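J.: Structure provided below as structure tokens; questions to follow.
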Amino acid sequence: MEGLTKIDDLGQPRVVIIGGGFGGLALAQALAGVPVQVVLIDKHNYHTFQPLLYQVATAGLAPDNIVAPFRKTLGRQKNFYFRLAEVQAIDATAQVVETSIGLLRYDYLVLATGATANYFGDAEMQRHAIAIKSVGDALELRNTVLANFEQALQLGDAEKLNSLLDFVIVGGGPTGVEMAGALSELRAHVFPKDYRELDFREMDIHVVQSGPVLLKGMSAEASAQALLDLRALGVQVWLDARVKSYDGYTATLNNGQQLITRTLIWAAGVTGAPVAGLGPACLGPGNRYQVDEHNRVAGYDNVFAIGDIALMKTAAYPDGHPQVAQPALQQGRLLGQNLARLLGGQLMQPFEYADKGSMATIGRNRAVADLKLFGREYHLGGFLAWMAWSLVHVIALVNYRSRIAVAFTWAWNYWSQDKGLRYILGRVKADPVVNAASTAGKAIV
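Structure, rendered in structure tokens:
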């Protein structure tokens, strides 16, 4: 195979970063002043602010509000290079990464490949459900919802019509809770205006959570408040329940309950996205690379892993750090500093996670937040938590343009109680078998 498209040899150690999520981007930025050549490889040419994907899916934000092109974001960084490619394998002996556009040599390799949806081996669920892990997924979900409503206008059969209006969300973590809240707001304020012929009192939103509480990992106060808020918004929450099967039309729970829906949203967990080539012994539970306190992959001296793909077991986190943005950001920044120390002949510093808390929004003026400030914990709910959530997410966006656009859009949505990005553009999640069956119930117009 021919070599990768020419990259200038700077005569400096080359750090190759696979993946431009929170960890990969933070690391690249942290290496700006370090005498190394930084090469970032990603299958997309942009960074995605994943916590707001659900807002793209529910027509609250445009995709370009939550993405930042790598070349724009890091373009002024003289030691930075980007290549658009998919990584296929790693040859740690030759210190080479095999990609869809050729081979790339490295001196230091950093795996920041993140995580993907975990369907726990259920192929049928994977085929029919929609996860929200990328901009493409979010747009597909938005298109599917709107296309289903358009189709519902043509149906006379009550069950088939309701299957197009109802939603089942599997997973009661932040993504599931936030998606349910957003859909309930659309049901109350937006959909009845767009689709006047449909009775949205018949639109059911179900959240199926396998455990006894929502927002596992947050405080008991936050979990209880989220449950109260969702139920106040008319969301049906099923605790201690699991979806055993889903065929694209019927979701069957482990208690025997059957929920009819054409839209099942999978928010039930993630699994690591490892790259082929490294020894299997370095992979731990959840397909995450086992790393030491310096984020070095077990068994390798110059290969590191950060973020969701890294499994660093500590006394405080025996199962590894939570797979959210903050550990990835902090690990990326520290690894940048540690590589500078390593090149300078100094000892690397161990990683210690500074937990700043967690938050989730449920809807207009409804949110929960567990904040850790100045050694104390604070639990917020309602409007204050909603304002804190909004402020934190606006500030966390990568560039000023996105911050301004999101702040303005949210202000307009709040004032108007409207979400204006309701257009079908791109692919729709379609099941030919179910589609064929549903046409039998069409009404004559």
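Each residue of the sequence shown is one higher than the one before, counting from 1 in the UniProt record's numbering. Cβ atoms here follow ideal geometry from the backbone N, Cα and C, with glycine treated the same way. Quick caveat, the model's predicted, so the values are computed rather than measured.
(1) Rounded to the nearest angstrom, what separates Leu391 and Thr250 at their Cα positions?
(2) State whether the segment 108-124 contacts the segment 14-21, with contact taken as three or more CB pairs (one from each stretch) at a distance under 8 Å.
(3) May I ask you to report which of helix, strand or coil DSSP gives Ala32?
(4) Curious, which full-length alpha helix (DSSP H) runs of at least 4 residues does the segment 319-407 contain?
(5) I need the straight-line Cα distance from Arg427 to Ala57, nearest angstrom please.
(6) Take Gly363 and list the residues in its own chain whose beta-carbon comes closer than 8 Å to its own, dropping the five residues that flank it on each side.
(7) Which residue's Cα is closest to the Cα of Gly375: Ala369, Met359, Ala360 and Asp355?
(8) Do you know offhand how far Lys313's Cα is from Ala131's?
(9) Quick one: complete beta strand (DSSP E) runs, 3+ long, within the segment 223-291?
(10) In three-state terms, what does DSSP make of Leu215?
(11) Since Ile424 sits in a beta bridge, which residues does DSSP pair it with?
(12) Runs of 4 residues minimum, wholly inside the segment 131-191: which ones carry the alpha helix (DSSP H) assignment?
(13) What is the DSSP secondary structure of Phe49, reduced to helix, strand or coil?
(14) If I follow the unbroken beta strand (DSSP E) through Glu98, where does it start and stop?
(15) Would you mind stating whether Ala360 and Gly382 have Cβ atoms separated by less than 9 Å?
(16) Cα-Cα, which of Gly345, Ala117 and Gly60 is closest to Lys190?
(17) In the DSSP assignment, find the beta strand (DSSP E) that holds Phe82 and state where it starts and stops.
(18) Taking Phe202 and Leu165 to be in contact with their CB atoms under 8 Å, please state how far apart those CB atoms are, rounded to whole angstroms.
(19) How long is the line joining the alpha carbons of Asp308 and Gly332, rounded to whole angstroms?
(20) Kindly indicate which residue of Leu264, Gly357 and Val394 has the alpha-carbon position closest to the one of Leu380.
(21) Is it true that the segment 241-255 meets the segment 214-230, where meeting means three or more beta-carbon pairs spaced less than 8 Å apart?
(22) Flag this pair as yes or no: are the beta carbons of Gly19 and Asp42 separated by less than 9 Å?
T.: According to the structure shown:
(1) 39 Å
(2) yes
(3) DSSP places Ala32 outside both helix and strand once states are collapsed to three, so it counts as coil.
(4) 325-343 and 382-396
(5) Taking the CA atoms as reference points, Arg427 sits about 13 Å from Ala57.
(6) Closer than 8 Å at Cβ, skipping near neighbours: Gly181, Ala182, Ser184, Glu185, Asp229 and Leu233.
(7) Asp355
(8) 28 Å
(9) 236-238, 243-246, 250-253, 258-260, 263-266, 270-272 and 288-290
(10) Correct three-state label for Leu215: coil.
(11) Answer is none; Ile424 lacks a bridge partner.
(12) 135-152, 158-165 and 174-189
(13) coil
(14) Val96 to Thr99
(15) no
(16) It should be pointed out that residue 190 corresponds to Val in this sequence rather than to Lys. Minimum Cα distance to Val190 is reached at Gly60.
(17) Phe80 to Leu84
(18) Here the sequence assigns Glu to residue 202, which means Phe is not the residue at that position. So it is a contact: roughly 6 Å between Cβ atoms.
(19) 11 Å
(20) Gly357
(21) No, the segment 241-255 does not touch the segment 214-230.
(22) yes
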